[in-house]
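> Pasting a structure below so you can have a look.
In my numbering, the protein residues as written are 0 to 288.
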């Protein structure tokens, strides 16, 4: 499938990542089916997408005409078959749980066109295990790991399992180009490249706060100004979601071992208290609505 053939995309999950991926696709000129399991979820995701488009106009990044055109390309649905049945590519962006992703890919394989590219936005889970759920479609499954917020962070981590077909990888690159991404390609390994490195840095920063080495603000300032990071590791953790970061750390520790992946107690405590980062208004930093 050539890049010019990508006309329709289905995004499964209208949450933090899903609505952002849908936004990127719509502004790139693709027709988007945005799916979630209930009307409340999909309506909330669509509202966030519209808000991001309006913000783009306010900041001079989009013209009102470009915003309206992108918005007109987005259709919401709570019916999986309707979302994927005519899609050239499907991108799953549901919570980071294998017990959600595998049944979803099993269902997608029953309804999506045979040639459709099937992508998962997982940041750490096994692509092979997800692909296996797609049965005969396993060779069309790739990791398409976007970064939050997708319309501002251009990186796309493409992850290949040992069963992926060459043409599926070619299609993944073509789709990434169509979406204006800067791409890296990595092999299927726990945490891939980005989460494996990012989690280690984030967890060590948390341990430093826990041990009283420095404040969260000063640790983040050190990494921004001293090492040129756009955001500090604790800011990134808050943006990702501390519950998500905890789940990834637990998975990497189980898969790879090593004390560097063991979640510190401060992370567990914050999650238990409901301080999940930006989405709850408080994590290692305070966030305004």
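The beta carbon of each residue, even a glycine, is placed where N, CA and C say it ideally should be.
1) Quick check: what's the CA-CA separation for residue 50 versus residue 22?
2) Run the CB neighbour count on residue 57, radius 10 Å, all protein chains shown included, and call it buried at 16 or more, exposed below.
3) Select from 247, 134, 27, 76 the residue whose C-alpha is nearest the C-alpha of residue 294.
4) Taking the C-alpha atoms as reference points, what is the distance between residue 168 and residue 211?
5) Using the rule of at least 16 other Cβ atoms within 10 Å of the residue's Cβ for burial, across every protein chain shown, is residue 71 buried or exposed?
6) Determine, using beta-carbon pairs with one atom in the region 152-159 and one in the region 94-101, whether at least three such pairs fall under 8 Å.
7) Could you check whether the Cβ of residue 98 sits closer than 7 Å to any Cβ belonging to chain C?
8) Pull up the distance between the alpha-carbon of residue 3 and that of residue 253, whole angstroms please.
9) Are the beta-carbon atoms belonging to residue 178 and residue 27 less than 7 Å from one another?
10) Is DSSP giving residue 180 helix, strand or coil here?
11) Please report how far the alpha carbon of residue 30 lies from the alpha carbon of residue 113, in whole angstroms.
12) Pair every Cβ in the region 78-92 with every Cβ in the region 4-11, then say whether three or more of these pairs are closer than 8 Å.
13) Does DSSP put residue 185 in a helix, in a strand, or in coil?
14) Give me the residue from 130, 286, 144, 262 with the minimum Cα distance to residue 164.
15) For the beta strand (DSSP E) containing residue 159, name the first residue and the last one.
16) Would you list, in sequence order, the uninterrupted beta strand (DSSP E) runs of no fewer than 3 residues that lie entirely inside the region 122-155?
17) In chain order, what are the residue ranges of uninterrupted beta strand (DSSP E) at least 3 long that sit wholly in the region 26-73?
18) Start and end of the beta strand (DSSP E) containing residue 10?
19) Check each candidate in 243, 204, 251 and name the one with the smallest Cα separation from residue 231.
20) Within 10 Å of its beta-carbon, does residue 195 have 16 or more other beta-carbons around it, so buried, or fewer, so exposed?
21) Taking 6 Å as the limit between beta carbons, can you name the residues of its chain near residue 140, skipping five residues before and five after?
22) Does the distance from the CB of residue 145 to the CB of residue 120 come in under 7 Å?
23) Taking the alpha carbon of residue 138 as the point to measure from, which residue in 148, 257, 166, 123 has its own alpha carbon closest?
24) Under 7 Å, do residue 149 and residue 19 count as touching if we go by C-beta distance?
25) Taking all protein chains shown into account, do 16 or more other C-beta atoms lie within 10 angstroms of the C-beta of residue 75, making it buried, or fewer, making it exposed?
26) Residue 119 bridges to which residues according to DSSP?
27) Pull up the CB-CB distance for residue 82 and residue 9, whole angstroms please, since I reckon it's below 8 Å.
28) Excluding sequence positions up to five away, which residues of its chain have a Cβ less than 6 Å from the Cβ of residue 219?
29) Under DSSP, the alpha helix (DSSP H) around residue 220 begins and ends at which residues?
30) Run the CB neighbour count on residue 91, radius 10 Å, all protein chains shown included, and call it buried at 16 or more, exposed below.
Quick answer:
1) 10 Å
2) exposed
3) Since the displayed the chain opens at 0 and closes at 288, residue 294 lies outside it and no answer follows.
4) 46 Å
5) exposed
6) no
7) Of the chains in the structure shown, none is chain C; there is only one protein chain.
8) Confidence is the limiting factor: at residue 3 the pLDDT is only 43, short of 50, which leaves the residue's position unreliable, though a coordinate-based value still follows. Straight-line Cα distance between these residues: approximately 42 Å.
9) For the pair residue 178 and residue 27, the CB atoms are nearer than the 7 Å cut-off.
10) coil
11) 19 Å
12) yes
13) strand
14) 130
15) Residues 154-159.
16) 140-144
17) 30-34
18) 7-11
19) 204
20) Under this definition residue 195 is a buried residue.
21) 117, 130, 133
22) yes
23) 166
24) Less than 7 Å separates the beta-carbon of residue 149 from that of residue 19.
25) buried
26) 91, 142
27) 4 Å
28) 231, 233, 234
29) Start and end: 215-226.
30) buried
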